Ligand SMILES: [Zn+2]
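Residue numbers (the working numbering): 222 to 302.
Shown next as structure tokens:
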């Protein structure tokens, strides 16, 4: 970690602070929380009983983070039509 003494936890960002989780969710989770770039990359989603996670990466500012998903309900089979 050559930049471990760097006080700002992200680089090349146009933002002065990264989005909060609330701001990230409000944005739809489609923008980089560090620089607002709108073409972020996501790995496959991992699911377990507590929820789901997706490792994401921004090619613009080179930061990475993890999206968090929570179960929000279910759709009965009869309502799928
Ligand atoms: Zn970014």
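A virtual CB, placed ideally from N, CA and C, is assigned to each residue, including glycine.
The structure presented is a predicted model; accordingly, all values stated were derived computationally and were not measured.
Whole-angstrom distance between residue j and residue i, CA atom to CA atom
i           : j           : result
residue 259 : residue 235 : 13 Å
residue 222 : residue 296 : Unreliable placement is indicated for residue 222, whose pLDDT of 48 sits below 50; the coordinate value is still reported in the next sentence. Roughly 46 Å separates the two Cα atoms.
residue 282 : residue 292 : 30 Å
residue 247 : residue 286 : 17 Å
residue 269 : residue 300 : 25 Å
residue 262 : residue 237 : 22 Å
For residue i, the residue or residues it bridges with in DSSP
i           : result
residue 237 : Looking at the DSSP assignment, residue 237 forms no beta bridge with any residue, so it has no partner.
Beta-carbon separation (whole angstroms), residue i vs residue j, contact threshold 8 Å
i           : j           : result
residue 288 : residue 279 : Their Cβ separation, rounded to whole angstroms, is 12 Å, which puts residue 288 and residue 279 out of contact at 8 Å.
Reference residue i; option with closest CA among the options
i           : options       : result
residue 271 : 290, 253, 257 : 290
residue 256 : 266, 284, 249 : 284
Q) Among all residues, which have a Cβ less than 6 Å from at least one non-hydrogen atom of ligand 1, and in what chain order do they fall? A) Checking every Cβ against the heavy atoms of ligand 1 under 6 Å gives 253, 255, 256, 258, 279, 281, 282, 284.
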